[in-house]
Each structure stands twice: as structure tokens, then as C-alpha cells.
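Undergrad: Dropping the structure in here first, questions after.
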Amino acid sequence: MESWIKSLIDIMRKSLDANGLPIPMDKSNCTEWARELGIPKGGDTIIYTSCLYQMAPMINQLVPWIEKLQSTPLMSLASVLSRFASFVIKPNKADIDRANNIMMSIARSLQRAGVNFGYLYEDEPYSGALLHELGAEEYFREYFEDRVLRIFEKYGVKKVITIDPHTHNVLTNVAPKYFKLNFEVVNYLDLLKNAKFKPKFNGEVVIHDSCLYARYLGKYDVYRAILDNAGLRHIEDPLITGIDTATCCGGPLESLSPELSREIAKIRIQNLSKLSKNVITVCPICLANLGRNAEGVVKIMDINEVIEAE
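Numbering (my numbering), first residue to last: 4 to 313.
Here it is as C-alpha cells:
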């Protein structure tokens, strides 16, 4: 496992150097949604996607490749890695369209709530979250200082709106341990918690909580309040959806052990299905991992697919 983790970190470093993302995908896929909405470039306040929603469909396509790669003998692994720079994941159009629609829904909700913001387009840096989560702390610090801080400083960013728990955790809990951040960080859910919403989905739902949002970032009640504002009933059970008892989707393990990640996801899906066949997620990694393993047992939807700001 240790050898694989080192190899995985090397893969991510090569990809970050080649295209600015931890996986080998075309970075133009990160900007389609913003161009369609005509979001202005730069400004004091920016929406910071870290391309995580847009990467999630690509991560799904990478998982079978990771499973094969993990079984590759170490001597052959070096030759595989040497060809990695030329390997680019081709997105499934339906999946990338779905990611773009989620992004546009978030942006429209913020606009309707009176929030003004810009976007950095091709200059938006990845947050480095996966480096930190894999324990590559030294490279994370180097990357964050060189790529993230430098670019935010270049554009004079004063306020950053995050839209996923992994990026928000990096900016609020991880990076401040090493750097003085000269910008404010706010999560989009907090900006929308008092906004008026209407449901885009009929029926009862169950929430799958992001471990980071619920336990470490104080958002457990925030997205529930948003669903309440939309009149969307969510079924709760303290043993399944409690703040301390809800279990992980398995997504953070998908690059280390796809098999274990799949087993965890299936257990989580079975438990959630006892409450509702309609599962709401608030994290792109949860959306991808649970969606990949749902197999018709439940329907997995992002929160921004079931509500709409008025």
C-alpha cells in the first residue's frame, strides 16, 4: 500500500504539472458552465470551484483504471507512469453536462440571492485537497503557496466562495496552519441559508451527510435549513443520519482501495434506502461514489438538482 500511495502522489504531481489538475483531464471542462452564464473574470469576490464537481465524473472513469494499475508489478509500474502524461480522460458528455448544470444552479442561486462574484476561468487553481488527504503535506504546502496563493494575490482576491467541503476544509482548516490567508472564505451554503427556494423534486428524501461538512465544518444544519426553506421533506433517523452516527460514502478511499470504497458505499446505500429511495448529497465526491455504486437501489441527487432559488 505504501508503494502505491507514493506512486499515486507521483501521478498527481505529474498531472498537476501538466494541466493544473490532479487527474489527467482537459482543464477546459472546468470552465464551460461559467462561459455559458457569462460570469465576469476576476474581481474582489470569486466563486472557487477547484474544478471538483467537474472532476467527479472523470474520477468515476479513473476507478477501474486504478484497480488495474494496483495489480501491476512494481517494475512495470514505472513504465506505466512514464506514459501517464499523454493519458487524458475523455469525459462522458451526459456526466459533464450534469456537472455543469449543478455548477450553473449554484451560480444562479447566488445571483438571485444578490451575491456578486467573478470567476478565474483557466487561471483558477486546484486547491490541493487530494495531496493533503493522501498525506503529501510537504508537497501540498509547496503547491498551495506557488499555485493557489500566488494566483489569488495576482487577481487581488479578497473573498472566496467555496462550493464543496474538501476545498472549504483546505481553506479554513488546513492552509491557515501554514500560511496567513489575506482573503475571507465563505461557503455558498451559508450565503444561501436564508434565501427563498422552491423544490424541483416531488417526494421525500434522505440526506447523505458529507463527513467534512457535518462533523468538522459546522454545516449539518445549514443544508437542512435550505431544504426546509424549499419545502422539501427529509426523513431523519438518529442512527443513520445523525451528526455523529452517519457513515462515510467511501469516496475518499477510491484512489487507495477501490474495492473497500465500493463496499463502504454499498453499506451506506443500503442504510439510506431504509429511509428513502431518493438520496440527497452535498459533496461532489459523495455524489460520484454513491452514484457509481447505487445500481438502482436508490436515486442519488445533488442538493442543487432538487431545489431552485426564487
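Ideal Cβ placement from N, Cα and C applies to all residues, glycine included.
1) What is the residue span of the beta strand (DSSP E) that Tyr122 lies within?
2) With a 10 Å radius around its C-beta and 16 neighbouring C-beta atoms as the bar for buried, classify Gly299 as buried or exposed.
3) Would you give the residue range spanned by the beta strand (DSSP E) that Met304 belongs to?
4) Going straight from the alpha carbon of Glu313 to that of Lys201, what length do you get?
5) Considering only C-alpha positions, which residue in the set Val285, Tyr122, Thr34 and Arg16 is nearest to Cys214?
6) Out of curiosity, what's the CA-to-CA distance linking Leu80 and Ile272?
7) With DSSP as the reference, label Tyr181 as helix, strand or coil.
8) First and last residue of the beta strand (DSSP E) that includes Glu311?
9) Starting from Ile154, trace the beta strand (DSSP E) in both directions and tell me its first and last residue.
10) Which term fits Asp212, buried or exposed, when burial requires 16 or more other beta carbons within 10 angstroms of its beta carbon?
11) Nearest-angstrom Cα distance between Val173 and Tyr191?
12) Give me, in chain order, the residues of the same chain whose beta-carbon lies closer than 8 Å to that of Asn95; leave out the 5 immediate sequence neighbours on both sides.
13) Straight-line CA distance for Leu133 to Ser112?
14) Excluding the 5 residues flanking Asn103 on each side, which residues of the same chain have their C-beta closer than 8 Å to its C-beta?
15) In angstroms with no decimal places, state the Cα-to-Cα distance between Val151 and Lys277.
16) Apart from the five residues on each side of it in sequence, which residues of its chain come closer than 6 Å, Cβ to Cβ, to Val160?
17) Kindly indicate which residue of Glu257, Ile14, Gly253 and Ile283 has the alpha-carbon position closest to the one of Met270.
18) Mapping the DSSP letters down to three states, classify Leu14 as helix, strand or coil.
19) Across which residues does DSSP place Lys44 in a beta bridge pair?
20) How is Pro202 classed by DSSP in three states: helix, strand or coil?
21) Is the Cβ-Cβ distance between Leu275 and Val209 less than 8 Å?
22) So, with DSSP's three-state summary, where would you put Glu148?
23) Spatial neighbours of Gly138 within its chain, please: CB distance less than 8 Å, with the 5 preceding and 5 following residues excluded, ordered by chain position.
24) Which residues mark the beginning and the end of the beta strand (DSSP E) in which Ile283 is found?
25) Got a sec, what are the start and stop residues for the beta strand (DSSP E) Ile229 sits in?
26) So what does Ile26 bridge to, in DSSP terms?
TA: Checking against the coordinates, here is how it stands:
1) As a working mapping, residue 122 is identified with position 119 in the sequence shown. Unbroken run through Tyr122: none, as it is neither H nor E.
2) Looking up residue 299 in the sequence shown gives position 296. So Gly299 counts as exposed.
3) Mapped onto the sequence shown, residue 304 falls at position 301. First-last of the beta strand (DSSP E) with Met304: Lys302 to Asp305.
4) Counted from its first residue, the sequence shown places residue 313 at position 310. Counted from its first residue, the sequence shown places residue 201 at position 198. Approximately 7 Å between the Cα atoms of the pair.
5) The residue given as residue 214 occupies position 211 in the sequence shown. That would be Val285, whose Cα lies nearest to the Cα of Cys214.
6) Residue 80 sits at position 77 when you count from the first residue of the sequence shown. Residue 272 sits at position 269 when you count from the first residue of the sequence shown. Any reading at Leu80 is ruled out, since the residue's pLDDT is 44, under 50, leaving its predicted position unreliable.
7) Here residue 181 refers to the residue found at position 178 of the sequence shown. In the structure shown, Tyr181 sits in coil (DSSP, three-state: anything other than H, G, I, E or B).
8) Sequence index remark: in the sequence shown, residue 311 carries index 308 (1-based). Unbroken beta strand (DSSP E) run through Glu311: Ile310 to Ala312.
9) Here residue 154 corresponds to residue number 151 of the sequence shown, with the count starting at 1. No beta strand (DSSP E) holds Ile154; the alpha helix (DSSP H) holding it covers Arg153 to Lys157.
10) The count along the sequence shown starts at 1 and reaches residue 212 at position 209. The residue in question, Asp212, is buried, as its Cβ has 16 or more Cβ neighbours within 10 Å.
11) Start at 1 with the first residue of the sequence shown, and residue 173 comes out as number 170. Start at 1 with the first residue of the sequence shown, and residue 191 comes out as number 188. Their backbone Cα atoms lie some 15 Å apart in a straight line.
12) The residue labelled residue 95 in the question sits at position 92 within the sequence shown. For Asn95, where only same-chain residues beyond five positions count, the Cβ hits under 8 Å are Pro60 and Gln64.
13) For the purposes of this step, residue 133 is identified with residue 130 of the sequence shown, where counting begins at 1. For the purposes of this step, residue 112 is identified with residue 109 of the sequence shown, where counting begins at 1. The straight-line gap from Cα to Cα measures roughly 28 Å.
14) Taking the sequence shown and counting its residues from 1, one reaches residue 103 at position 100. Cβ neighbours of Asn103 beyond the five flanking positions: Glu35, Trp36, Glu39 and Gln57.
15) Sequence index remark: in the sequence shown, residue 151 carries index 148 (1-based). Sequence index remark: in the sequence shown, residue 277 carries index 274 (1-based). Val151 and Lys277: Cα-Cα distance of roughly 42 Å.
16) Here residue 160 refers to the residue found at position 157 when the sequence shown is read from its first residue. The answer, listed in chain order, is Ile49 and Phe186.
17) The residue labelled residue 270 in the question sits at position 267 within the sequence shown. According to the sequence shown, residue 270 is Ile rather than Met. Taking only the C-alpha atoms, the option nearest Ile270 is Gly253.
18) If you number the sequence shown from 1, residue 14 lands on position 11. Inspection of the sequence shows that residue 14 is occupied by Ile rather than by Leu. If DSSP states are grouped into helix, strand and coil, Ile14 belongs with the helices.
19) If you number the sequence shown from 1, residue 44 lands on position 41. Beta-bridge pairing links Lys44 to Tyr122.
20) Position 199 of the sequence shown, counted from the first residue, corresponds to residue 202. Three-state result, Pro202: strand.
21) For the purposes of this step, residue 275 is identified with residue 272 of the sequence shown, where counting begins at 1. For the purposes of this step, residue 209 is identified with residue 206 of the sequence shown, where counting begins at 1. Yes, the Cβ-Cβ distance between Leu275 and Val209 is below 8 Å.
22) On the sequence shown, position 145 is the one that residue 148 refers to. If DSSP states are grouped into helix, strand and coil, Glu148 belongs with the helices.
23) Here residue 138 refers to the residue found at position 135 of the sequence shown. Once the five neighbours on either side are set aside, the close Cβ partners of Gly138 are Ile8.
24) Sequence index remark: in the sequence shown, residue 283 carries index 280 (1-based). Run containing Ile283: Asn281 to Thr284, per the beta strand (DSSP E) assignment.
25) What you label residue 229 is simply residue 226 of the sequence shown in a count that begins at 1. No beta strand (DSSP E) holds Ile229; the alpha helix (DSSP H) holding it covers Tyr223 to Asn232.
26) The residue you call residue 26 lines up with position 23 of the sequence shown. In the DSSP output, where bridge partners are listed per residue, Ile26 has none listed.
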